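Chains as they are written, first to last, in the working numbering: chain A, 9 to 306; chain B, 65 to 413.
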């Protein structure tokens, strides 16, 4: 992407005499590809191994972990989905995410719009408050958060988990969208106001559609972050096993399958959990890479 | 919203608007009503008054900020502040929390289990960023400049660079819990991928997560680096791609080789990104929690966040929060040290 543009030949460069540079770097090219391919194997290897092993019966997995599937053992997937409750955990995750992602995007963009586009006393303070929240490790808030949720009666409830996801996603979402709203032209907003649109209407019908690229990036970022969340559900949703979200369910499955010995179902469950995310990533790879690395460049 | 506009377009309101702002100031009562009424029910006399517009603006600001700020204050800011307060109490979850001064910190100082966990966390904090950043930079440099030169190119990316980046980035989109379960199986002594592979070549692999804490730390470092290298490859190759190619041409004309070009051109130019990445990776390593909790059996080793979590499960809430405060102080100290140590003159290009 960016690399190819930097590497593109510049027209005036070709005019210069540099015969000795022609086709140089051949050995380096082989060398670098060898290392790059090696890391492809190492990065994807464990995941491919999990996906292949998901098709093997448990006994075979134990006797020969490196083997290929002798026949496709599809019932592992059925067992994972039904007996090992992966289906239930997936539905739980989807329900939580439907609420938390909508809430995060709505509240985050509302706060960001106001911070970015209006001058009022305390504007800077509110912005710093949100930006500062990104620096603290969640583990510090762990114990008091548990108590706060308990006091509100939100412990081990779906709304409670959604609210926690929203609250902990707000700092970065607001920070990111504030800078995004600042880049949008002011003229459109003024025109809407002159035409008699209210502030609310200007926001929902004019500014939000204009902010779509930013909303997509941060939306993917939050989707992955909330779908993969483990610490918050472990803390706030640990009471009823039937309410577990997917990462929680798999972690507990890894323990319980140790007793039951149905390793095939565990591998199938892992495959079921990984596949949709990897597919979504493969489709939106550019936005995902941009969105997730933006977090480090704050 | 919809109705709001319809009213705005009705002839009657148009007519009112044409008359412009009413002469003379509307009474206080009307303004009071205006705060509570939606704009469409507000009389035009008030609507087009300048003071009303200010009022309307603030009403909108408060309305839009109230809910996000309330969520944020209640569930994020207040727990952070409470954590600092409770670290000085003997709170055990009930309504009573007695102030005990630095007792928790003293207890921590004398607690061998805490020091054992901190030793592991400190190793991760120091080693994980080095491995991850060095390998991330190496692969990023290979991707952006390891390619075959065509005529007149000072620098060439390898073919299929976006494919490499996509695959390297895989671990970043997976849940840490899933990564921990996958690697728990990979490291398994009898039926794991690693020992299974060693078996094929006639070597009996060790029990990676079986009790030896050195092997445990190596396993943790492997998983952490594995999951973050792709992130840094993407980050660094974006930074390297932003370097203008005429700088590389100049270096090439001066006779600089690949290695020299990397250390004298590329590295100084992406230094800011490297430093930020270093801090970010260090904090990530110090925060390692789920990977250790899910993958490593508790008797092998613990990282400090897991030690904190166990104290919380024991009901030692005050003690647990004080461990959290120490972790916060450590991560801030680490950031400051790297900021200071990594301070170089910024190069503009």
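All C-beta atoms, glycine included, are put in the ideal place defined by N, C-alpha and C.
Please read these numbers as outputs of a predicted model, since none were measured by experiment.
- In the DSSP annotation of this structure, the continuous segment of the alpha helix (DSSP H) that includes residue 185/A starts and ends at 166-191.
- Along the stretch 228-250 of chain B, going in chain order, the ones with a CB nearer than 8 Å to a CB of chain A are 228, 229, 230, 231, 232, 233, 234, 235, 236, 237, 238, 239, 240, 241, 242, 244, 245, 246, 247, 248, 249, 250.
- Exposure of residue 221/A is indicated by the presence of fewer than 16 other C-beta atoms within 10 angstroms of its C-beta.
- Residues of chain B with a Cβ closer than 7 Å to the Cβ of residue 281/A are, in chain order, 242.
- Chain B places a beta carbon closer than 7 Å to that of residue 238/A, counting this residue as a contact.
- For residue 205/A, same chain residues with a beta-carbon under 6 Å away, outside a window of 5 residues either side, do not exist.
- Listed along chain A, the residues sitting closer than 7 Å to residue 206/B by beta-carbon distance are 40, 43, 44.
- Under the Cβ distance rule, residue 183/A does not count among the residues neighbouring chain B, no pair being separated by less than 7 Å.
- In the same chain as residue 115/A, and ignoring 5 residues on each side of it, the C-beta atoms closer than 7 Å to its own belong to 174, 178, in chain order.
- Residues of the stretch 77-97 of chain A that bring their beta carbon within less than 8 Å of a beta carbon in chain B are absent altogether.
- With the criterion set as a beta carbon lying under 8 Å from some beta carbon of chain B, the members of the stretch 124-141 of chain A are 126, 128, 134, 137, 138, 141, in sequence order.
- For the stretch 99-122 of chain A, the residues whose beta carbon sits under 8 Å from a beta carbon of chain B are, in order, 115, 116, 118, 119, 121, 122.
- For residue 250/B, the enclosing alpha helix (DSSP H) has its first and last residue at 240-250.
- Of all residues in the stretch 171-198 of chain B, none has a C-beta nearer than 8 Å to a C-beta of chain A.
- With contacts defined as CB atoms closer than 7 Å, residue 182/A and residue 138/A qualify as a contacting pair.
- Under DSSP, the beta-bridge partners assigned to residue 153/B are 163/B.
- By the neighbour-count criterion, in which 16 or more other beta carbons inside 10 Å mark a residue as buried, residue 313/B falls on the buried side.
- Distance between residue 347/B and residue 188/B, taken at the CA atoms: about 10 Å.
- Distance check between residue 311/B and each of 296/B, 143/B, 333/B, 323/B places 333/B closest, using alpha-carbon atoms only.
- Taking a Cβ-Cβ cut-off of 9 Å, the neighbours of residue 143/B in chain A comprise 148, 149, 150, 151, 152, 153, 154, 155, 156, given in sequence order.
- Straight through space, the alpha carbons of residue 157/A and residue 384/B are spaced by roughly 17 Å.
- When DSSP states are grouped into helix, strand and coil, residue 375/B belongs to the helix group.
- Within chain A, no residue has its beta carbon less than 7 Å from that of residue 200/B; the closest one is some 10 Å off.
- Taking all protein chains in view, the Cβ of residue 247/A is surrounded by fewer than 16 other Cβ atoms within 10 Å, so the residue is classified as exposed.
- Residue state for residue 332/B is assigned as helix, using DSSP reduced to three classes.
- For residue 257/B, the chain A residues whose Cβ falls inside 8 Å of its Cβ are 53, 54, 57, 73, 74, in order along the chain.
- At a cut-off of 7 Å between beta-carbon atoms, residue 369/B makes contact with chain A.
- Residue contact check for residue 48/A against chain B: a CB pair falls below 7 Å.
- Using beta-carbon distances, residue 325/B does not count as an interface residue toward chain A, since no partner is under 7 Å.
- The DSSP-derived three-state label of residue 207/A is helix.
- Burial of residue 351/B is indicated by the presence of at least 16 other C-beta atoms within 10 angstroms of its C-beta.
- Among the residues of chain B, none has a CB under 8 Å from the CB of residue 199/A; the nearest is roughly 15 Å distant.
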